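Colleague: Just passing along the structure, written as structure tokens.
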Amino acid sequence: MKRSILVLGFGITATLLMAQNNSNGFLLSGSVIYEQIVQLNIQLEGDAAQFADAIPKERKSEKILHFSEEAALFENHHVEDAEEAMDMQEGSGVMIRMAEPDNKTYTDLKAGQQIEQKEFMSRMFLIESELPTGDWKHTGQQKLILEYPCQQAISKEEEKEVVAWFTPAIAVPAGPGKFGNLPGLVLEVTMDEGDRVLVAKSVELKELDKALLKKPNKGKNVTEEEYDAIVEEKMKELGVEREGGSGHTVVVKIRQ
Numbered sequence: 134m135k136r137s138i139l140v141l142g143f144g145i146t147a148t149l150l151m152a153q154n155n156s157n158g159f160l161l162s163g164s165v166i167y168e169q170i171v172q173l174n175i176q177l178e179g180d181a182a183q184f185a186d187a188i189p190k191e192r193k194s195e196k197i198l199h200f201s202e203e204a205a206l207f208e209n210h211h212v213e214d215a216e217e218a219m220d221m222q223e224g225s226g227v228m229i230r231m232a233e234p235d236n237k238t239y240t241d242l243k244a245g246q247q248i249e250q251k252e253f254m255s256r257m258f259l260i261e262s263e264l265p266t267g268d269w270k271h272t273g274q275q276k277l278i279l280e281y282p283c284q285q286a287i288s289k290e291e292e293k294e295v296v297a298w299f300t301p302a303i304a305v306p307a308g309p310g311k312f313g314n315l316p317g318l319v320l321e322v323t324m325d326e327g328d329r330v331l332v333a334k335s336v337e338l339k340e341l342d343k344a345l346l347k348k349p350n351k352g353k354n355v356t357e358e359e360y361d362a363i364v365e366e367k368m369k370e371l372g373v374e375r376e377g378g379s380g381h382t383v384v385v386k387i388r389q
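Quick look at the structure:
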């Protein structure tokens, strides 16, 4: 009985907070900074295997989402720090370079359209599509993120579960990248069986400069299928095997 009362009270708090804020002219625009944590799965074979223990097991980076009631733009934060180079051992000739691609996702919330700018091997591509529905299922689970009451929703991406936490207190159906279209701003996403996590570090509600919501326009226009085919072909040429349907987990086999 106690648990039922607590959950009900939490839901009422979220509803009252949203109603109160909206009645006071609550801003539905601003920026969210996310920390992204990607688990790395890098395998070295042959003589290079001796450096396996020196390879990082995860990579952390920051992303930022600018949003309004009309549109949203998700991109890298701190672009100047987007590349890291690691020498496994001086004079070994083995160098691992990790660069954050200049990817951006623009979402037209009113028209239900999305433009993705993707960088691959120094080439830029533009992919235009309808806003993904996500086919979200609401679980009833709730928690606080940065003091915002959030609700859990689960979807599937290429047969893998995606878990999102959104807050109805900020009634904008946006989120990091293509993870949105929910009745509230998405503050946390877990995908690829936990190999990639995005969680909000800060939320700033403010009047947004419309210049921050500029559509990406660099790159060759392709479909999602054409882009995936280009990536697969190039990976095969380089002898790199990609594991996981979404491509966020990569297995790199280096042979000498």
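Just so you know, the sequence shown maps onto residues 134 to 389 in the numbering used here. The beta-carbon is built from N, C-alpha and C at its ideal position, and this holds for glycine as well. Model, not experiment: these values are computed from the prediction.
#1: Mapping the DSSP letters down to three states, classify V364 as helix, strand or coil.
#2: So A204 and D241 are in contact, right, with Cβ under 8 Å, and what is the actual spacing, rounded?
#3: Buried or exposed: which applies to N157, given that a residue is buried once 16 or more other Cβ atoms fall within 10 Å of its Cβ?
#4: Does DSSP put A302 in a helix, a strand or coil?
#5: Return the first residue and the last residue of the beta strand (DSSP E) that L320 is part of.
#6: If you follow the beta strand (DSSP E) that T356 is part of, which residue opens it and which one closes it?
#7: Tell me whether the segment 350 to 362 and the segment 190 to 205 touch, counting them as touching only if at least three CB pairs, one residue from each stretch, are closer than 8 Å.
#8: Grab me the residues of W269's own chain with a C-beta within less than 8 Å of its C-beta, minus the 5 sequence neighbours each way, in chain order.
#9: For E290, name the three-state secondary structure that DSSP assigns.
#10: Going by beta-carbon coordinates alone, are Q169 and L331 separated by less than 8 Å?
#11: For K193, count neighbouring C-beta atoms within 10 Å of its own C-beta (all shown protein chains included) and say buried if the count is 16 or more, exposed if not.
#12: Excluding the 5 residues preceding and the 5 following Y239 in the sequence, name in chain order all residues of the same chain whose CB lies nearer than 6 Å to its CB.
#13: Going by C-alpha to C-alpha distance, which of G267, N354, G245 and L345 sits closest to E252?
#14: In the structure shown, what three-state DSSP assignment does G163 receive?
#15: Suppose the cutoff is 6 Å on Cβ atoms and the five residues either side in sequence are ignored; what does the same chain contact list for L345 look like?
#16: Tell me the DSSP secondary structure of G327 in three-state form.
#17: What did DSSP end up calling E370 once you bin it into helix, strand or coil?
#18: Quick one: what's got a C-beta closer than 6 Å to T323's C-beta in the same chain, skipping five residues either side?
#19: So for A344, helix, strand or coil by DSSP?
#20: So which of L318, G352 and S335 has the shortest CA-CA distance to E161?
#21: Considering A205, what are the terminal residues of the beta strand (DSSP E) in which it resides?
#22: Is Q246 closer than 8 Å to M257 when the C-beta atoms are compared?
Modeller: Straight from the coordinates:
#1: Here the question's residue 364 lines up with position 231 in the sequence shown. In the three-state scheme derived from DSSP, where H, G and I count as helix and E and B as strand, V364 is classed as helix.
#2: The count along the sequence shown starts at 1 and reaches residue 204 at position 71. The count along the sequence shown starts at 1 and reaches residue 241 at position 108. Correct: roughly 5 Å between the Cβ atoms.
#3: Against the sequence shown, residue 157 aligns to sequence position 24. With a pLDDT of 41 at N157, under the threshold of 50, the modelled position of that residue is not reliable, and no figure is offered here.
#4: Against the sequence shown, residue 302 aligns to sequence position 169. Reduced to three states, the DSSP call for A302 is coil.
#5: Stepping through the sequence shown from its first residue, residue 320 is reached at position 187. In the DSSP assignment, L320 falls within the beta strand (DSSP E) that extends over L318 to M324.
#6: Taking the sequence shown and counting its residues from 1, the one referred to as residue 356 is at position 223. In the DSSP annotation of this structure, T356 is not part of any beta strand (DSSP E), being labelled neither H nor E.
#7: No, the segment 350 to 362 is not in contact with the segment 190 to 205.
#8: As a first step, residue 269 is located in the sequence shown; it is residue number 136 there, counting from the start. Closer than 8 Å at Cβ, skipping near neighbours: A286, I287, S288, A297, N314 and L315.
#9: For the purposes of this step, residue 290 is taken as the residue at position 157 of the sequence shown. In this structure, E290 counts as strand in the three-state DSSP scheme.
#10: Numbered from 1 along the sequence shown, position 36 holds the residue referred to as residue 169. Numbered from 1 along the sequence shown, position 198 holds the residue referred to as residue 331. Yes, the Cβ-Cβ distance between Q169 and L331 is below 8 Å.
#11: Sequence index remark: in the sequence shown, residue 193 carries index 60 (1-based). By the 10 Å Cβ count, K193 comes out exposed.
#12: Mapped onto the sequence shown, residue 239 falls at position 106. Closer than 6 Å at Cβ, skipping near neighbours: L206, I248, K348 and P349.
#13: For the purposes of this step, residue 252 is identified with residue 119 of the sequence shown, where counting begins at 1. Among G267, N354, G245 and L345, the Cα nearest to that of E252 belongs to N354.
#14: Taking the sequence shown and counting its residues from 1, one reaches residue 163 at position 30. Assigned with DSSP and collapsed to three states, G163 falls in strand.
#15: Taking the first residue of the sequence shown as position 1, residue 345 is located at position 212. The residues are H199.
#16: Locating residue 327 in the sequence shown gives position 194, counting from the first residue. Helix at G327.
#17: Residue numbering aside, residue 370 sits at position 237 when the sequence shown is read from its first letter. In the three-state reduction of the DSSP assignment, E370 falls in the helix class, which pools H, G and I.
#18: On the sequence shown, position 190 is the one that residue 323 refers to. These residues qualify, in order along the chain: V296 and V330.
#19: Stepping through the sequence shown from its first residue, residue 344 is reached at position 211. Residue state, collapsed to three classes: helix.
#20: If you number the sequence shown from 1, residue 161 lands on position 28. For clarity, residue 161 is Leu in the given sequence; the question names Glu instead. Of the candidates L318, G352 and S335, the one whose C-alpha sits nearest the C-alpha of L161 is L318.
#21: Within the sequence shown, residue 205 is the residue found at index 72, counting from 1. Counting along the chain, the unbroken beta strand (DSSP E) around A205 starts and ends at A204 to N209.
#22: Reading the sequence shown from its first residue, position 124 is the one you call residue 257. Reading the sequence shown from its first residue, position 113 is the one you call residue 246. Cβ atoms of M257 and Q246: not closer than 8 Å.
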